[in-house]
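Residue numbering for the sequence shown follows my numbering, beginning at 1 and increasing consecutively. A virtual CB, placed ideally from N, CA and C, is assigned to each residue, including glycine. Here the structure comes first, spelled out in structure tokens, and everything after it is commentary.
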Amino acid sequence: MTQSLEGILARNIALMTQCDVAYQSWQHEPILDFATDERIGNELGWTATPTKSLFLSFKNGEYALLLTHRDARLDSKKVKALMGKRPSIASDEEMIAQLGCVPGAVCPFGMPVAIPLIVDDVLFSFEELMYTPGPPEYTFAFGVPSLSALLDALPNPVYRLNA
1 MTQSLEGILA RNIALMTQCD VAYQSWQHEP ILDFATDERI GNELGWTATP TKSLFLSFKN
61 GEYALLLTHR DARLDSKKVK ALMGKRPSIA SDEEMIAQLG CVPGAVCPFG MPVAIPLIVD
121 DVLFSFEELM YTPGPPEYTF AFGVPSLSAL LDALPNPVYR LNA
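Have a look at this one:
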């Protein structure tokens, strides 16, 4: 069953509230590519580190989501070492069917419970992170010290890459 973008946004707001995380929220034109992201970030004066969520598929029909820095590339060997199977980037169709997100605006929180979240440890080296909380017209930013609390509150399996 595909989730609605509004439902994903509501789950993200609830997660932030449940974990007592102070966060910033912006509403803007849809961001679906890096060029628009950079332009809007400059216009709004964003200083948080941008993240990227890669929806991964495995040959056995399972999925996972990798949360990493916007400029990072998928390291298939590290993910295979962590998960025990080689990943590939899932198709837009698979991602839409499984997550309900829009291509270019994949949300790392509020996914179906069966989908594991792989978090790149590099994210813990920054002060603030920002991400799309569902609808591509929204961006959330929060302090990295809150990341562990957010991850602990998720019902999904969470794995640390490079831990």
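Please name the residue, chosen from the options, that lies closest to residue i on a Cα-to-Cα basis.
{"i": "L123", "options": "D33, L44, T49", "result": "T49"}
{"i": "D121", "options": "Y23, Y159, E62, F58", "result": "Y159"}
{"i": "L32", "options": "T139, A149, I115", "result": "T139"}
{"i": "T68", "options": "A153, L147, N156, L154", "result": "L147"}
{"i": "L150", "options": "E6, Y23, Q3", "result": "Y23"}
{"i": "L5", "options": "I118, A141, L161, G110", "result": "G110"}
{"i": "I40", "options": "V21, P157, M130", "result": "M130"}
{"i": "A141", "options": "E128, D152, Q27", "result": "E128"}
{"i": "R70", "options": "M16, N42, S53", "result": "S53"}
{"i": "G204", "options": "D152, L154, F126, P157", "result": "Residue 204 is absent from the structure shown; the chain starts at 1 and stops at 163."}
Within 10 Å of its beta-carbon, does residue i have 16 or more other beta-carbons around it, so buried, or fewer, so exposed?
{"i": "A81", "result": "exposed"}
{"i": "T47", "result": "exposed"}
{"i": "M1", "result": "Because M1 sits at a pLDDT of 47, beneath the cut-off of 50, its placement in the model cannot be relied upon, and the point is left open."}
{"i": "N12", "result": "buried"}
{"i": "K59", "result": "exposed"}
{"i": "G84", "result": "exposed"}
{"i": "P108", "result": "buried"}
{"i": "P116", "result": "buried"}
{"i": "L44", "result": "exposed"}
{"i": "V113", "result": "exposed"}
{"i": "G193", "result": "Missing from the structure shown is residue 193; the chain here goes from 1 to 163 and no further."}
{"i": "Q98", "result": "buried"}
{"i": "K77", "result": "exposed"}
{"i": "A64", "result": "buried"}
{"i": "T17", "result": "exposed"}
Return the bridge partner residues of residue i from the DSSP annotation.
{"i": "V160", "result": "Correcting the residue type first, residue 160 is Arg in the shown sequence and not Val. Bridge partners of R160: V119."}
{"i": "G143", "result": "E128"}
{"i": "T68", "result": "K52"}
{"i": "S57", "result": "Y63, S88"}
{"i": "S25", "result": "F140"}
Should residue i be listed as close to the ligand MN, given that the test is whether its C-beta is under 6 Å from any heavy atom?
{"i": "R11", "result": "In the structure shown, the ligand MN is absent, as is every other ligand, since no ligand is present at all."}
| Whole beta strand (DSSP E) runs in the region 27 to 54 with 3 or more residues, listed along the chain? | Segments of the beta strand (DSSP E) lying fully in the region 27 to 54: there are none.
| query | Do the region 20 to 37 and the region 101 to 111 touch if we need at least three Cβ pairs shorter than 8 Å? | reply | yes
| Within the region 83 to 138, ranges of the beta strand (DSSP E) (whole runs, at least 3 residues) | Listed in chain order, the beta strand (DSSP E) runs fully inside the region 83 to 138 are 87 to 89, 117 to 120, 128 to 131, counting runs of at least 3 residues.
| query | Is it true that the region 126 to 141 meets the region 79 to 94, where meeting means three or more beta-carbon pairs spaced less than 8 Å apart? | reply | no
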